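Data block below; observations after.
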Amino acid sequence: MRYPLDGPNGYNCPASHPNKYPTIFLEHFYFPSPNQPYRGPNQDNWILSNGDPTGLNMHADFINGWDQDTLEQTMQQCNTPNAPEEHLENCAPLAKSLNVQAADNCLSEGNIADE
Numbered sequence: 080m081r082y083p084l085d086g087p088n089g090y091n092c093p094a095s096h097p098n099k100y101p102t103i104f105l106e107h108f109y110f111p112s113p114n115q116p117y118r119g120p121n122q123d124n125w126i127l128s129n130g131d132p133t134g135l136n137m138h139a140d141f142i143n144g145w146d147q148d149t150l151e152q153t154m155q156q157c158n159t160p161n162a163p164e165e166h167l168e169n170c171a172p173l174a175k176s177l178n179v180q181a182a183d184n185c186l187s188e189g190n191i192a193d194e
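With the numbering used here, letter number 102 in the sequence shown gets 181, and the count goes up by one each step, no holes.
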């Protein structure tokens, strides 16, 4: 394995390693209250539960539950440089599963019950 020539999030793979592995980019912005948006380091920010006051530390898990045919078609048709980015409807294998109206109508059903 090797990072792409233009960095870990790049598109150009070296000739010795021509196949780019799929990547997942996660970015989170937290605004605890509309009256107190993020103000910057050391300015009375809130602190993550792991004690990180900078927001530079995070963990995520990925579990592959994809239908393998859909995943393979997506990687073949919609990989870089043809990645749809946030416009998933531009990727035919994914577009057949999109239902924006259903997603927009998916609302919170209430708070998590106290235990």
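The C-beta atom is built at its ideal place from N, Cα and C for all residues, glycine as well.
Note that the structure is a prediction, hence the values are computed from the model and not measured.
message: Could you compute how far the alpha carbon of L150 sits from the alpha carbon of N129?
response: Inter-residue distance for L150 and N129 is about 34 Å (C-alpha atoms, whole angstroms).
message: Taking the straight line between their C-alpha atoms, what separation do you get for P172 and W145?
response: Rounded to whole angstroms, P172 to W145 spans 12 Å at the Cα level.
message: Let's see if you can read the secondary structure: which residues bound the alpha helix (DSSP H) around T102?
response: T102 -> no alpha helix (DSSP H), and no H or E assigned at all.
message: If you measure between the beta carbons of E168 and A162, is that distance less than 9 Å?
response: No.
message: Can you give me the C-alpha to C-alpha distance between A182 and E165, rounded to a whole angstrom?
response: If you draw a straight line from the Cα of A182 to the Cα of E165, it comes to about 15 Å.
query: How big is the Cα-Cα spacing for C92 and C157?
result: Their backbone Cα atoms lie some 16 Å apart in a straight line.
Span of the alpha helix (DSSP H) around L173: Unbroken alpha helix (DSSP H) run through L173: 171-174.
query: What separation, rounded to the nearest whole angstrom, lies between the Cα atoms of H107 and H96?
result: Rounded to the nearest angstrom, the gap between the Cα atoms of H107 and H96 is 31 Å.
query: Thinking C-beta only, is L105 closer than 9 Å to M212?
result: Residue 212 cannot be examined here, being either before or after the span of the chain that is shown, 80 to 194.
message: Looking only at its chain, what residues have a beta carbon closer than 8 Å to the beta carbon of Y82, apart from the 5 residues adjacent to it on each side?
response: Shown here for Y82: same chain residues with a beta carbon closer than 8 Å to its own, the five before and five after excluded, namely G89 in chain order.
query: Is C185 buried or exposed, if buried means 16 or more other CB atoms sit within 10 Å of its CB?
result: Label assigned to C185: exposed.
- request: Could you check the C-alpha separation between E188 and N178 for me, to the nearest Å?
  value: Here the C-alpha atom of E188 lies approximately 20 Å from the C-alpha atom of N178.
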